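Residue numbers for the sequence shown follow numbering that gives the first Met the number 0, beginning at 0 and rising by one. All C-beta atoms in this analysis are idealised placements derived from N, C-alpha and C, irrespective of residue type, glycine included. Given the structure is predicted, the values throughout are model-derived calculations rather than measurements.
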Amino acid sequence: MDVIALDAPTDAQIRAWHEVLAAVHAADPAGDPAPHPDGTARLLLGADPGSRQRLWAVADGGRLVAVAALRLSGEPGTDRPGEIDVQVHPAHRRHGLGRRLLAAAAGGLRADGRSSVIAQVLAGTPAVPFLESHGFECVLTLRGMLLRLDDVPQERVTRLLAEAPAGYGLVRWRGVVPDEYAAALARAKHAMADLAEYEGTTWDAHRVRETAEAVAKRGDDLYTVAALHDGAIAGFTEIVVPHDAAGRAAQYDTAVVPEHRGRRIGIWSKAAMLAWLTETRPDVREIETDNSGDNAHMIAVNEELGFRTERESLEYQAPATALP
Ligand SMILES: CC(C)(COP(=O)(O)OP(=O)(O)OC[C@H]1O[C@@H](n2cnc3c(N)ncnc32)[C@H](O)[C@@H]1OP(=O)(O)O)[C@@H](O)C(=O)NCCC(=O)NCCS
Numbered sequence: 000m001d002v003i004a005l006d007a008p009t010d011a012q013i014r015a016w017h018e019v020l021a022a023v024h025a026a027d028p029a030g031d032p033a034p035h036p037d038g039t040a041r042l043l044l045g046a047d048p049g050s051r052q053r054l055w056a057v058a059d060g061g062r063l064v065a066v067a068a069l070r071l072s073g074e075p076g077t078d079r080p081g082e083i084d085v086q087v088h089p090a091h092r093r094h095g096l097g098r099r100l101l102a103a104a105a106g107g108l109r110a111d112g113r114s115s116v117i118a119q120v121l122a123g124t125p126a127v128p129f130l131e132s133h134g135f136e137c138v139l140t141l142r143g144m145l146l147r148l149d150d151v152p153q154e155r156v157t158r159l160l161a162e163a164p165a166g167y168g169l170v171r172w173r174g175v176v177p178d179e180y181a182a183a184l185a186r187a188k189h190a191m192a193d194l195a196e197y198e199g200t201t202w203d204a205h206r207v208r209e210t211a212e213a214v215a216k217r218g219d220d221l222y223t224v225a226a227l228h229d230g231a232i233a234g235f236t237e238i239v240v241p242h243d244a245a246g247r248a249a250q251y252d253t254a255v256v257p258e259h260r261g262r263r264i265g266i267w268s269k270a271a272m273l274a275w276l277t278e279t280r281p282d283v284r285e286i287e288t289d290n291s292g293d294n295a296h297m298i299a300v301n302e303e304l305g306f307r308t309e310r311e312s313l314e315y316q317a318p319a320t321a322l323p
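Spelled out as structure tokens, the structure:
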């Protein structure tokens with residue numbers, strides 16, 4: 000069985016790739032919805048703006064039995080870590096396929112001038128010994144939480160909304176930020192900087208719009224609620240409803256600018272988001288979110304809203320020199 004590079008995957012290869020993802024998911028569902036063929040196609044064909052992707056697979060005749068994607072954000076030579084994802088069909092594990100794909104991706108990483116790579120995996124799965132035996136170390140824990148909207152009493156949302164901090168007002172928009180708030184939103188996004196792990200570039204109005212346009216290009220819907228104070232955005236929260244969501248939306252950024260913290264602006268904005276979604280998107284039944292394991296404040300806000308912990312993910316990192 001050979002490792003092949005899929006620089007421009009064909010429809011048949013995308014279907015074969017999807018079969019690997021579906022088999023991996025079936026063996027270990029871990030609370031995530033099953034992958035959808037359209038989602039796999041989008042993943043393989045469209046990289047986010049400012050990022051490139053390289054793909055490899057192990058082929059057995061016409062079938063794929065293992066796949067690997069390496070995401071390279073920024074220009075070639077930027078020293079930001081690459082991101083790797085290796086998936087081996089459950090029937091073909093422990094035969095060294097994961098190691099071979101990792102070696103192929105390591106070559107791609109070095110060729111692009113990167114000095115390290117990260118991978119996000121579920122705690123308690125074979126990925127942990129696999130990565131630890133290849134020079135990776137755990138650098139971050141992430142708590143995956145889920146809110147089932149049916150479990151949220153209407154009175155809770157109404158009460159939280161009524162507890163508006165004095166001097167603040169709410170605005171909301173769907174899709175790209177309206178021009179009047181674009182610069183203010185970019186400034187508020189800086190408030191995320193202390194949480195963002197590998198954020199190299201600064202936020203400006205152009206980048207804010209570009210990120211929202213990328214969501215729209217995928218066919219997904221971005222909803223934003225922001226708290227305003229004297230014309231500035233004090234805090235905001237974003238939800239994305241994927242077009243093939245099957246009822247599950249994803250929490251994107253939530254941030255409160257440092258000088259406005261401690262006034263319950265985060266939970267107030269999130270309650271307003273829940274009320275808005277209930278009104279306009281009755282198809283959304285669940286919201287998922289990942290929080291850094293040491294972000295106790297955001298976890299507490301989410302628990303108060305009704306989010307429950309579903310799984311723990313770990314972020315691993317390795318220097319390129321340690322890879323096979
Ligand atoms: C993690 C995964 C990619 C490993 O693939 P694989 O082809 O089985 O791994 P390899 O055969 O190349 O294993 C190489 C080494 O990793 C370690 N390893 C891999 N799986 C292991 C397991 N279940 N238990 C203990 N060690 C393991 C061993 O040291 C192994 O060497 P050995 O077999 O000589 O002892 C595979 O289990 C998988 O697809 N898991 C689900 C998706 C996932 O979590 N991907 C990780 C994202 S990077």
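On the three-state DSSP scale, how would you describe residue i?
{"i": "Val255", "result": "strand"}
{"i": "Tyr197", "result": "Any reading at Tyr197 needs caution, since the residue's pLDDT is 42, under 50, leaving its predicted position unreliable; the model's value is listed next. Coil at Tyr197, not helix or strand."}
{"i": "Asp10", "result": "helix"}
{"i": "Asn290", "result": "strand"}
{"i": "Pro318", "result": "strand"}
{"i": "Pro25", "result": "The question names Pro, but residue 25 in the sequence shown is Ala. Helix at Ala25."}
{"i": "Leu20", "result": "helix"}
{"i": "Leu276", "result": "helix"}
{"i": "Asp1", "result": "strand"}
{"i": "Arg41", "result": "helix"}
{"i": "Ala33", "result": "coil"}
{"i": "Ala245", "result": "coil"}
{"i": "Gly305", "result": "coil"}
Are the CB atoms of residue i and residue j nearer to each other than 7 Å?
{"i": "Gly261", "j": "Thr253", "result": "no"}
{"i": "Phe235", "j": "Ala248", "result": "no"}
{"i": "Ala211", "j": "Val175", "result": "yes"}
{"i": "His259", "j": "Ala295", "result": "no"}
{"i": "Leu108", "j": "Ala65", "result": "no"}
{"i": "Met139", "j": "Ala56", "result": "At residue 139 the sequence reads Leu, which differs from the Met that was named. Contact: no."}
{"i": "Ala104", "j": "Leu69", "result": "yes"}
{"i": "Pro48", "j": "Glu237", "result": "no"}
{"i": "Val156", "j": "Ala299", "result": "no"}
{"i": "Arg51", "j": "Leu20", "result": "no"}
{"i": "Tyr251", "j": "Val239", "result": "yes"}
{"i": "Trp202", "j": "Ala185", "result": "yes"}
{"i": "Leu227", "j": "Val170", "result": "yes"}
{"i": "His242", "j": "Asp219", "result": "yes"}
{"i": "Val116", "j": "Gly81", "result": "yes"}
{"i": "Ala40", "j": "Ile13", "result": "yes"}
{"i": "Gly134", "j": "Ala321", "result": "yes"}
{"i": "Ser114", "j": "Asp78", "result": "yes"}
{"i": "Gly305", "j": "Val151", "result": "yes"}
{"i": "Val23", "j": "Gln86", "result": "yes"}
{"i": "Pro89", "j": "Leu43", "result": "no"}
{"i": "Asp37", "j": "Met0", "result": "no"}
{"i": "Trp267", "j": "Thr223", "result": "no"}
{"i": "Pro323", "j": "Ala102", "result": "yes"}
{"i": "Leu63", "j": "Ala15", "result": "yes"}
{"i": "Ala270", "j": "Leu159", "result": "yes"}
{"i": "Ala181", "j": "Val207", "result": "yes"}
Cβ contact (3+ pairs, closer than 8 Å) linking the stretch 137-150 and the stretch 274-291: As far as the Cβ criterion goes, the stretch 137-150 touches the stretch 274-291, which means the pair count is three or higher.
Validate contact between the stretch 110-122 and the stretch 301-319 using beta carbons, cut 8 Å, 3 pairs: The answer is yes - the stretch 301-319 touches the stretch 110-122, with three or more Cβ pairs under 8 Å.
Beta carbon nearer than 6 Å to a non-hydrogen atom of ligand 1: Going by the Cβ distance cut-off, the answer is Val23, Ile83, Asp84, Val85, Gln86, Val87, Arg92, Arg93, His94, Gly95, Leu96, Gly97, Arg98, Ala118, Val120, Thr124, Pro125, Ala126, Pro128, Phe129 and Ser132.
Segments assigned beta strand (DSSP E), at least 3 residues, entirely inside the stretch 120-206: Runs of the beta strand (DSSP E) inside the stretch 120-206: 136-147 and 168-173.
In chain order, each alpha helix (DSSP H) run of at least 4 residues that lies wholly inside the stretch 202-243: Correct list: 204-216.
Unbroken stretches of the beta strand (DSSP E), 3 residues or longer, contained in the stretch 44-130: Along the stretch 44-130, the beta strand (DSSP E) occurs as fully enclosed runs of 3 or more residues at 50-59, 62-72, 81-87 and 115-121, listed in sequence order.
Stretch-stretch touch, CB-based, cutoff 8 Å, three pairs: the stretch 85-98 with the stretch 31-39: In this structure the stretch 85-98 does not lie against the stretch 31-39, because fewer than three pairs of beta carbons, one per stretch, are closer than 8 Å.
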